[in-house]
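Order-wise, the sequence lines are chains A and V. Under my numbering, the residue at position 173 of the first sequence is numbered 173, and the numbers go up by one with no gaps. Remember, my numbering sits 1000 above the position in the second sequence when you count from 1. Using N, Cα and C, we set each Cβ at its ideal position, and we do this for glycine too. In this text, all values refer to a predicted model and were calculated from it rather than measured experimentally. Below is one structure, written out as structure tokens; the observations come after it.
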Amino acid sequence: MGMTITEKILAAHAGADRVEPGQLVNVKVDLALGNDITAPVAIREFEKIGVETVWDRDRVVLVPDHFVPNKDIKSAEQALQLKQFARKHNLTYYYEVGRMGIEHCLLPEQGLVGPGDLVIGADSHTCTYGGLGAFSTGVGSTDLAAAMALGETWLKVPESIKFVYRGELPRWVGGKDLILYTIGQIGVDGALYMAMEFTGPVIERLSMDGRLTMANMAVEAGAKNGIVPPDEVTRRYVEGRAKRPYQFYQSDPDAHYARVYDFDVSKLEPQVAFPHLPENARPVSEAGEVTIDQVVIGSCTNGRLEDLRQAASVLRGHKVNDNVRLIVIPGTQQVYMDALREGLVEVFIEAGAAVSTPTCGPCLGGYMGILAKGERCLATTNRNFVGRMGHPESEVYLAGPAVAAASAVLGRIAGPWEVVK
Amino acid sequence: MIYRGKAWKFGADVDTDAIIPARYLNTSDPAELAKHCMEDADPEFPAKVQPGDIIVAGKNFGCGSSREHAPIAIKAAGVSCVIAKSFARIFYRNAFNIGLPIFESPEAAEGIREGDEVAVDAGRGVIQNLTRGEEYRATPVPEFMQQIIAAGGLINYVARRVKSGK
Ligand code: SF4
């Protein structure tokens, strides 16, 4: 029997001809990632192992992004630990404020991950790089510490679920809507321990930004990884960008899948996930009258250039509603610069938005847009758990950039067609 | 190893933000984290949990972020082990890696009520409900993970490997 793309990448990194779902394998990792929340714990554990230095200074990447620019003294101390560790071990890829970005926007953009890679990161959204045709998954700090020392980790080979998307995507519907709809169909543990393979004509036509958005939220369905078969879109994205050689893997036609879902998305509407789980997705036209206090456009899910372009295309010539704070956070300095050069930042500021330097900030309820008791936010982020963006009695609704922009203008959850006539 | 204590029940899909909200993640000090353990699910929990108590929850416990602060907070709060219908995968790994015993058992998650006295025999994978006189089975732990536990967590396991040059 054939193998899936996920199985092939794991086999290649385990030095085996084939692997089977359920098998525990020891694999070489191509890259190991930590951030300002998870790396301090990893560094503490790393120092107990008894090795002099990290296994490869080009392959341990540290990105302070959650609470930086430092929000308080304790955060500053955490970020400082990253910097000191990076200097001590002479790490090639440590990103200081002013040159950084949200890790999962930054690594693909900088060419640090490529198709066929096996990447682990002490951050659950490490699964984002599946958009490039890589195997990548989130782990905890202790796993990161072990990988920093050994360049290896152990993994259980996941079963795969195949998702086939057919039809023509309607206007305003993108990767975020596809993944919210999918999670709505299968639930927040619908792919527990499994690989989600996103395929079909709709995915083949989807941009790299849209693919990264989809793979990003695989973890919201409980998955180990999300993955998109690499193709011409992938090649165009990685050419001239990838810092290491890469390899395209494809699933065999007779590969085994635990389940296959076939979705015709020609009539799909932009989706909104209601509090307090990402699986509470519904079409925006069925949202009803939900007034909002804040809109956040950014995060590792939707902080890329295409997202900002879409938001600006709705906001252009409009004003943010009097009752709403709109916070726009470009995912990386490069995205910020591109948005500036294209005039998008001007559109945001003219509309009455606050535009921030790249940071996770409000996405995890860190800072830069925390919600008061009873406040409601519509965000392009990925989680709407209780208290995720502030007070335990605040609410977060998830959507794509077009709905977010339209909602900011109208002060309630709204479809983009209500603003752009 | 036997873990014995009073059960605290939680529902399905308890996420890592409920276990330890991000507003406390500017520290990784276990004692600090313990003060806010399960706070957004039950604000009283840190005050009422007693050493040895057991968390019993529904499916997908620990979903969400990869923060190891979540199992660390639970362990530091004095909870002896967690029983759930199922665990989110990163939480599952993290719990083993830091040495928080966890047991997957749909029967136990159904059968145990808040306040029941529970004893878990880790070696045999048997969970006893002393209050109701019921017994449930836990899903066996893979051999490799048992080795990690036996070594006292992943870091000790790796440190031994490094020392022996393997
Ligand atoms: S943007 Fe949000 S989800 Fe993404 S890495 Fe940052 S905190 Fe996590």
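Just measuring C-alpha positions, the residue of A:H66, A:K243, A:L371 and A:D123 sitting nearest Y93 of chain A is A:K243.
Under the Cβ criterion of 7 Å, K1059 of chain V is counted among the residues facing chain A. Residue range P1030 to A1034 is occupied by the alpha helix (DSSP H) that includes E1032 of chain V. Pairwise C-beta distances place the stretch 95 to 102 of chain A in contact with the stretch 60 to 73 of chain A, as three or more of them are shorter than 8 Å.
Runs of the beta strand (DSSP E) spanning 3 or more residues and lying entirely within the stretch 311 to 389 of chain A occur at 325 to 328 and 376 to 379, in chain order.
Taking a C-beta cut-off of 9 Å against chain A, the contacting residues of the stretch 1008 to 1035 of chain V are A1012, D1013, D1015, T1016, D1017, A1018, P1021, A1022, R1023, L1025, N1026, T1027 and S1028, listed in chain order.
At least one CB atom of chain A sits nearer than 7 Å to the CB of V1158 of chain V. Going by DSSP, C300 of chain A is part of the alpha helix (DSSP H) stretching over S299 to N302.
DSSP places A1057 of chain V inside the beta strand (DSSP E), whose first and last residues are I1054 to A1057.
Of all alpha-carbon atoms in A:P115, A:V238 and A:G175, the one lying nearest the alpha-carbon of Q271 of chain A is that of A:G175. A straight-line Cα-Cα distance of about 19 Å links I1112 of chain V and R1124 of chain V. For Y1003 of chain V, the CB contacts under 6 Å within the same chain, skipping 5 residues up- and downstream, are S1080, C1081 and V1120 in chain order.
Within chain V, the C-beta atoms nearer than 8 Å to that of T38 of chain A come from S1066, R1067 and E1068, in chain order. With its beta carbon less than 7 Å from one in chain V, V386 of chain A belongs to the interface. DSSP places M196 of chain A in the uninterrupted beta strand (DSSP E) bounded by A195 to T199. For a Cβ distance threshold of 8 Å, nothing in chain V lies close to D56 of chain A: the least Cβ distance comes to about 16 Å. Per DSSP, F274 of chain A lies in no beta strand (DSSP E) segment and is marked neither H nor E.
Residues of chain A with a Cβ closer than 9 Å to the Cβ of P1142 of chain V are, in chain order, L24 and K156.
In the three-state DSSP reduction, K48 of chain A falls in the helix class (H, G or I).
Relative to P1140 of chain V, the option among V:F1103, V:E1134 and V:A1108 whose CA is nearest is V:F1103. Where C1081 of chain V is concerned, there is no enclosing alpha helix (DSSP H), although the beta strand (DSSP E) around it starts and stops at C1081 to A1084. In this structure, the ligand SF4 has no non-hydrogen atom nearer than 6 Å to the beta-carbon of H276 of chain A. Taking one beta carbon from each stretch, the stretch 1071 to 1079 of chain V and the stretch 1090 to 1106 of chain V have 3 or more pairs nearer than 8 Å; the two touch.
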